[in-house]
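Undergrad: According to numbering that gives the first Met the number 0, numbering within the sequence shown proceeds without interruption in unit steps and concludes at 514.
Below is the structure I would like to discuss, written out as structure tokens.
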Amino acid sequence: MQEAVQSLQKEISERRRIEEALRESEEKYRTILENIEDGYYEVDLAGNLTFFNDSICRISGRTKEELMGMNDREYTDQENAKKLYQTFYQVYRTGEPHRELDWEVIRKDGTKRCMEASVSLRKDSSGKPIGFRGIARDITERKRAEEALRESEEKYRTILENIEDGYYEVDLAGNLTFFNDSMCRIWGYPREELMGMNDRQYTDKENAKKLFQAFNQVYRTGEPRRECDWEIIRKDGTKRYIEASVSLRKDPSGKPIGFRGIIRDITERKRAEEALKEKTEELARSNQDLEQFAYVASHDLQEPLRMVTSYVQLLSQRYKDKLDSDAGEFIGFAVDGAIRMWKLINDLLTYSRVGTRGKELESTDCEAVLNQSLNNLKVAIEEKGAVVTHDPLPTVMADNLQMGQLFQNLIGNAIKFRGNEPPRIHVSASRKGNVWTFSVRDNGIGIAPEYAERIFIIFQRLHGRKEYDGTGIGLAICKRIVERHGGRIWAESEVGKGATFYFTLPAIKAKPLSS
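Dropping the structure here:
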């Protein structure tokens with residue numbers, strides 16, 4: 000009897016231990032289910048929900064009361080219900096769990112969420128199937144991110160395959176790992192041959208060294224390099240000039256794994272630049288030769304011309320009363336022609352000296368220079384009753400003698416080409432950024448707009464010598480002076496409405512331009 004009691008007590012104690020263990024297990028189970036982000040569900044063989052955690056409510060947007068007993072056809076569409084049914088059937092038939100099932104649920108508010116679920120078979124104690132259970136995870140944001148990534152990659156691929164520039168990726172050893180079709184076109188290799196090629200295989204030793212130095216700089220600093228000019232050798236042996244950018248490629252952990260960049264074929268641009276350089280040098284030599292010729296010719300012609308002028312004037316003085324009227328007229332023509340030739344030679348000499356005999360640019364008070372020019376023109380101003388006014392003028396870096404000549408020519412022209420009214424001339428200057436714009440405005444006869452550029456060409460005249468004297472070089476000298484100072488000159492005018500001559504000068508120190 001005592002043994003039976005002890006056995007009973009032992010059995011009761013064991014049962015209590017098992018029940019306590021079961022209670023603790025269920026408590027842990029419940030705690031896990033109610034605290035995980037993923038949803039846990041159980042359904043019967045008909046697909047009706049029989050048990051689920053709070054995350055299922057949150058995902059579906061329904062309360063426990065609303066969800067309990069709902070069938071899958073009530074919270075998804077026909078296509079997804081079919082997909083879910085096929086998975087349940089497969090698990091029921093094979094007994095094997097299904098690890099991943101992508102489907103879509105319709106929340107109470109009508110919005111849709113993408114789900115990833117596992118499905119396992121539920122059995123009773125006798126091993127008879129009674130339903131299904133599994134974990135459901137909301138992967139909507141991941142799906143959106145994947146779709147955005149897919150669209151981004153599609154755009155990226157479309158851009159890469161349609162741009163003229165080449166795109167490349169290389170590993171740290173310089174081997175090509177990815178590139179677009181333009182790379183094949185630039186290099187002249189098919190894709191199969193180009194893949195895996197090293198920079199030493201498509202360029203010479205010197206250019207490979209230049210490329211290595213660019214890669215090394217980017218690797219060392221982590222900063223991209225915008226421009227790297229080098230030369231490649233195409234499959235057919237021809238050479239092309241390349242301009243490339245280089246950036247560092249890193250893995251998700253930030254470890255450098257290679258380089259990427261854009262490549263542009265600049266061969267034609269290089270050739271054009273080289274041709275332009277040769278033409279510029281040739282033009283500079285030609286201009287220098289012409290200036291030297293103009294200087295020598297005008298300088299050497301002055302002496303014989305002075306002699307001719309002197310003797311013709313001497314003839315006129317000594318034999319004026321001994322020759323008939325025709326002879327006197329002829330001598331007058333000869334004197335006039337000699338004087339005009341002398342003026343022409345002097346202006347030509349001045350023109351040639353703008354670039355070759357100019358002074359170094361220095362700080363120059365334009366107002367003081369203008370006053371000196373007006374003093375030089377004092378006789379002409381008084382004879383024609385001209386009034387010259389001006390606003391405050393700046394100090395600039397200039398050749399003061401040439402600036403004086405510039406003002407004197409422009410104001411002298413305004414007096415010469417006056418209208419019926421006494422000349423009214425105004426000089427002003429305004430600054431915009433690093434540029435001063437000067438203007439010389441008059442009320443003279445004006446210029447037709449179609450001749451606004453022609454007037455600055457040497458020997459170009461719009462009027463006959465009988466109307467207005469001059470050699471046709473004055474404005475060409477003005478243009479040459481302004482360009483030597485790094486500016487430009489132009490005119491705005493209408494016939495009968497006066498003219499305004501504009502010219503610009505740098506507001507900062509500038510080196511004289513080569514003539």
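Ideal placement from N, C-alpha and C gives every residue a C-beta, glycine not left out.
Please read these numbers as outputs of a predicted model, since none were measured by experiment.
(1) Closest to Ala172 by C-alpha separation, out of Lys154, Gly195, Ile162, Glu152, would be which residue?
(2) Would DSSP call Val481 helix, strand or coil?
(3) Return the residue from the list Val118, Ser117, Glu103 that minimises the CA-CA distance to Lys111.
(4) Whose C-beta lies closer than 6 angstroms to the C-beta of Ala243 among residues of the same chain, with five residues either side of it excluded?
(5) Can you grab the Cα-Cα spacing for the pair Tyr84 / Gly60, in whole Å?
(6) On the three-pair Cβ rule with 8 angstroms, is the region 245–255 touching the region 273–284?
(7) Note down, one range per segment and in chain order, each alpha helix (DSSP H) of at least 4 residues found wholly within the region 33–82.
(8) Hey, could you find the ends of the alpha helix (DSSP H) Thr237 is sitting in?
(9) If I follow the unbroken beta strand (DSSP E) through Asp108, where does it start and stop?
(10) If you measure between the beta carbons of Gly257 and Asp164, is that distance less than 7 angstroms?
(11) Rounded to the nearest angstrom, what separates Arg483 and Thr503 at their Cα positions?
(12) Helix or strand or just coil, what does DSSP make of Pro448?
(13) One question on the structure: do Asn70 and Asn47 come within less than 7 angstroms of each other, judged by their Cβ atoms?
(14) From the DSSP secondary-structure annotation, give me the bridge partner or partners of Asn197.
(15) So, with DSSP's three-state summary, where would you put Lys122?
(16) Buried or exposed: where does Leu405 fall if 16 or more other Cβ atoms within 10 Å of its Cβ makes it buried?
(17) Could you tell me whether the region 419–435 touches the region 385–398, where touching means 3 or more Cβ pairs closer than 8 angstroms?
(18) Would you check if the distance between the CB atom of Ile414 and the CB atom of Pro422 is smaller than 7 angstroms?
(19) Grouping DSSP H, G and I as helix and E and B as strand, with all else coil, what is Ile256?
(20) Can you list, in chain order, the residues of its chain whose CB lies under 6 angstroms from that of Ile55, leaving out five sequence neighbours each side?
(21) Note down the Cα distance separating Val368 from Gly403, rounded to an integer number of angstroms.
(22) Under the rule that 16 or more other beta-carbon atoms within 10 Å means buried, what is Thr75, buried or exposed?
(23) How many Å lie between Asn52 and Gln5 at the Cα?
(24) Considering Leu376, what are the terminal residues of the alpha helix (DSSP H) in which it resides?
(25) Which residues bound the beta strand (DSSP E) around Val439?
(26) Closer than 8 angstroms is the cut-off here; do at least three beta carbon pairs connect the region 430–450 with the region 490–501?
(27) Determine the extent of the alpha helix (DSSP H) in which Tyr218 is found, giving its start and end residues.
(28) If you run the structure through DSSP and keep just helix, strand and coil, what is Leu282?
(29) By the three-class DSSP mapping on this structure, what secondary structure does Pro303 have?
(30) Quick one: what does DSSP say Phe329 is sitting in, helix, strand or coil?
(31) DSSP state of Asp180, grouped into three classes?
(32) Checking the sheet assignment: what are the DSSP bridge partners for Cys227?
(33) Looking only at DSSP bridge pairs, what is Gly130 linked to?
(34) Less than 8 angstroms between the CB atoms is what I'm expecting for Gly495 and Gly445, so what's the real figure, rounded?
(35) CB-CB under 8 angstroms to Ser315, same chain, minus the five flanking residues each way: which ones, in chain order?
(36) Could you name the residues of the same chain whose beta carbon sits closer than 6 angstroms to that of Phe177, not counting the 5 residues immediately before and after it, in chain order?
TA: To lay it out plainly:
(1) Gly195
(2) helix
(3) Glu103
(4) Cys227, Gly260, Ile262
(5) 22 angstroms
(6) no
(7) 53–59, 63–66
(8) Element bounds for Thr237: n/a, residue is neither H nor E.
(9) That residue, Asp108, is in no beta strand (DSSP E); it is neither H nor E in DSSP.
(10) no
(11) 11 angstroms
(12) helix
(13) yes
(14) Asn174
(15) strand
(16) buried
(17) yes
(18) yes
(19) strand
(20) Gly38, Tyr40
(21) 5 angstroms
(22) buried
(23) 43 angstroms
(24) Element bounds for Leu376: n/a, residue is neither H nor E.
(25) 434–440
(26) yes
(27) 204–220
(28) helix
(29) helix
(30) helix
(31) helix
(32) Ala243
(33) Asp43, Arg121
(34) 5 angstroms
(35) Gly327, Ile330, Gly331, Val334
(36) Glu168
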